[in-house]
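Taking it in order: structure first as structure tokens, then the write-up.
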Amino acid sequence: MHSNYFQQLTQGLQQQGTGTPQLILDLDQYQKNLEAVQSKLPAQLKPRLVVKSLASIPLLQLACEKLTTRRFMVFHLPHLLEIISAFEQVDLLLGKPMPIHAVQHFYQNFPDQKALNDQSNIQWLIDDIERLQQYLQLAQNLNICLNVNIEIDVGLHRGGISSQEQLIELLKLIQQYPDALRLSGLMGYDAHVAKLPKILKSPEKSYQESQQTYQQYKNIIQQQFPDLWHADLCFNGGGSPTFMQHCQQSVCNDLAFGSMLLKPSDFDLDNLSALSCAVWIAVPILKVLPYSQIPGLEMLNHLPHRYKAVFIYGGYWQADYIYPEKSRPHMLYGRSSNQEMLQVPAQCEIHVDDYVFLRPTQTEAVIPQFARLYVYSERKFIEWDTFRE
Ligand SMILES: Cc1ncc(COP(=O)(O)O)c(C=O)c1O
């Protein structure tokens with residue numbers, strides 16, 4: 001079935017393709033993944049789409065419709081601008097703290113603050129007191145009020161606040177300047193939960209611990225700063241690897257995910273087995289040689305050969321060769337981004353102008369390398385633009 005699928009794609013590409021490497025979206029699989037995710041989400045957890053992992057407006061649009069959400073997590077200033085111009089009434093949470101110069105730059109592009117606030121809610125991510133002071137000053141200079149969401153360390157140790165004292169210090173400053181700063185919630189990313197070697201700690205235990213830490217920070221706001229506590233506070237957590245755990249039980253009310261909807265290979269996790277890969281890189285074959293010859297090691301040419309050598313259009317992507325099966329780059333020949341050599345089993349019927357297929361390991365690294373997604377459904381392709389910046 002696997003090989004039928006790629007042969008069918010090859011035929012499609014030979015008839016309708018560009019003759020250059022193409023990033024293929026399997027639309028039917030993407031829709032199945034969206035349905036599976038929607039069926040798991042409990043009502044109290046609002047989905048938030050991770051823009052860097054799904055960096056294409058139509059791709060995001062489809063997910064917004066299926067999951068009925070207008071919440072996005074953004075990691076890159078140009079993406080913020082793209083989302084604001086493509087969607088209305090959005091809630092945008094920054095997934096990493098933006099340097100103050102980036103925020104200044106952003107507001108320079110939006111002189112009409114009122115129009116901006118009417119159509120979007122932006123939550124800037126704050127990781128420490130120095131950054132909060134910078135944002136406070138900017139808000140005062142521009143005479144605006146900035147929503148601030150506080151990054152908390154729930155075990156990943158990627159920065160953010162890591163003590164109750166730090167949180168209290170931030171909340172006091174926010175409380176002192178209600179015209180310039182508004183607390184919009186907390187963000188605690190828990191990617192370590194699925195990554196820790198099981199021998200160190202089980203995923204269940206590290207998830208519970210991260211949730212307890214999260215709850216403690218929530219309690220501080222509620223108990224010690226009741227004037228900052230409001231019904232709209234956004235308690236964001238998650239990430240694809242802990243999606244299922246959050247669906248079962250979570251102290252969060254807002255869940256960020258993106259990658260698992262396309263399921264690149266870094267997300268081959270037991271608890272995401274309901275989802276399948278929906279994205280491939282298709283690459284034309286330029287040359288097929290009977291065997292690989294390594295410069296300087298021509299004496300090896302006399303040995304029996306189990307592999308052909310195939311040169312392809314491009315290479316060295318953050319992706320694994322998946323079809324034809326057992327294809328792989330040659331260890332001694334090395335990698336090339338321009339014209340990579342692959343070893344393909346000798347019995348494999350493969351010709352110039354056929355295609356090889358790769359599965360990305362991550363989508364956030366691969367999508368920006370392609371200007372368009374080729375969306376495949378019912379043996380036809382349509383084109384969707386991606387964010388290239
Ligand atoms: C803060 C934060 N939340 C959530 C995610 C999850 O994104 P994805 O589901 O695409 O892995 C990430 C990924 O980097 C992140 O940095």
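Numbering (my numbering), first residue to last: 1 to 389. Where a beta carbon is used, it is the ideal one built from N, C-alpha and C, also for glycine.
Proximity test, residue i beta-carbon vs ligand 1 heavy atom, cut-off 7 angstroms
i: ALA256; result: yes
i: SER39; result: no
i: SER53; result: yes
i: SER397; result: No information on residue 397 is available, as it lies outside the stretch 1 to 389 that the chain covers here.
i: SER210; result: no
i: MET457; result: Only positions 1 to 389 of the chain appear in the structure, and residue 457 is not among them; the question remains open.
i: VAL74; result: no
i: GLY17; result: no
i: GLY95; result: yes
i: TYR189; result: yes
i: SER259; result: yes
i: VAL50; result: yes
CA nearest to the CA of residue i, picked from the options
i: VAL103; options: GLN8, THR69 and ASN141; result: ASN141
i: GLU151; options: ILE281, LEU200 and GLY95; result: GLY95
i: LEU173; options: ILE129, GLN29 and ALA194; result: ILE129
i: GLN245; options: LEU49, HIS230, GLY185 and SER202; result: SER202
i: TYR291; options: GLN343, ALA36, ASP354 and SER273; result: GLN343
i: LEU13; options: TYR376, GLN248, ARG388 and ASP385; result: TYR376
i: PRO368; options: PRO345, ALA274, TRP317 and SER336; result: TRP317
i: LYS114; options: LYS263, TRP124 and CYS145; result: CYS145
i: LEU25; options: ASN301, ASN117 and LEU60; result: LEU60
i: LEU402; options: GLY315, PHE381 and THR386; result: As shown, the chain starts at 1 and ends at 389. That puts residue 402 outside it, with no answer to give.
i: GLY238; options: GLN248, LEU80 and ALA231; result: GLN248
i: LEU116; options: LEU132, LEU81 and ASP127; result: LEU81
i: GLU209; options: ASP153, ILE122, TYR313 and SER85; result: ASP153
i: ALA319; options: VAL279, CYS348 and TRP124; result: VAL279
i: ASN400; options: GLN44, PRO304 and PRO58; result: Residue 400 lies beyond the stretch modelled for the chain, which goes from 1 to 389, so this question has no answer here.
i: VAL51; options: LEU34, LEU41, PHE72 and GLN38; result: PHE72
i: VAL148; options: ASP112, GLY159, GLY155 and MET187; result: MET187
i: GLU364; options: LEU233, ASP266, TYR207 and ILE312; result: ASP266
i: LEU262; options: TYR217, LEU233, LEU23 and THR68; result: LEU23
i: VAL366; options: LYS218, PRO264 and LEU49; result: PRO264
i: SER250; options: TYR30, SER53 and TYR189; result: TYR189
i: GLN134; options: HIS105, ILE168, GLY155 and PRO99; result: PRO99
i: ASP385; options: GLN176, LYS218, SER53 and ILE57; result: ILE57
i: LEU275; options: GLN224, SER39 and SER120; result: SER39
i: TYR313; options: ILE322, ASP268, THR20 and GLN123; result: THR20
Residue i, buried or exposed, once every other Cβ within 10 Å from all chains shown has been counted against 16
i: ALA180; result: buried
i: LYS198; result: exposed
i: HIS76; result: buried
i: THR18; result: exposed
i: TYR374; result: buried
i: VAL352; result: exposed
i: ARG388; result: exposed
i: ASN4; result: exposed
i: ALA371; result: exposed
i: MET1; result: Confidence in MET1 is poor, its pLDDT being 48 and thus under 50, which makes the residue's placement unreliable; the coordinate value appears in the next sentence. It is exposed - the Cβ of MET1 has fewer than 16 other Cβ atoms within 10 Å.
i: GLN222; result: exposed
i: ALA139; result: buried
i: LYS308; result: buried
i: THR242; result: buried
i: GLN211; result: buried
i: MET341; result: buried
i: ALA55; result: buried
i: LEU200; result: exposed
i: ALA63; result: buried
i: HIS105; result: exposed
i: GLN29; result: buried
Cβ of residue i within 8 angstroms of any chain D Cβ
i: ALA191; result: Absent from the structure: chain D. Only one protein chain is present.
For this session: Specify whether the region 289-300 and the region 75-91 touch according to this definition: at least 3 beta carbon pairs, one from each stretch, less than 8 angstroms apart.
Result: Short answer: they don't touch.
Problem set entry | Cβ contact check for the region 281-289 and the region 355-370: 3 or more pairs under 8 angstroms | In this structure the region 281-289 lies against the region 355-370, because at least three pairs of beta carbons, one per stretch, are closer than 8 angstroms.
Exercise. Are three or more beta carbon pairs between the region 325-345 and the region 252-270 nearer than 8 angstroms?
Worked result: no
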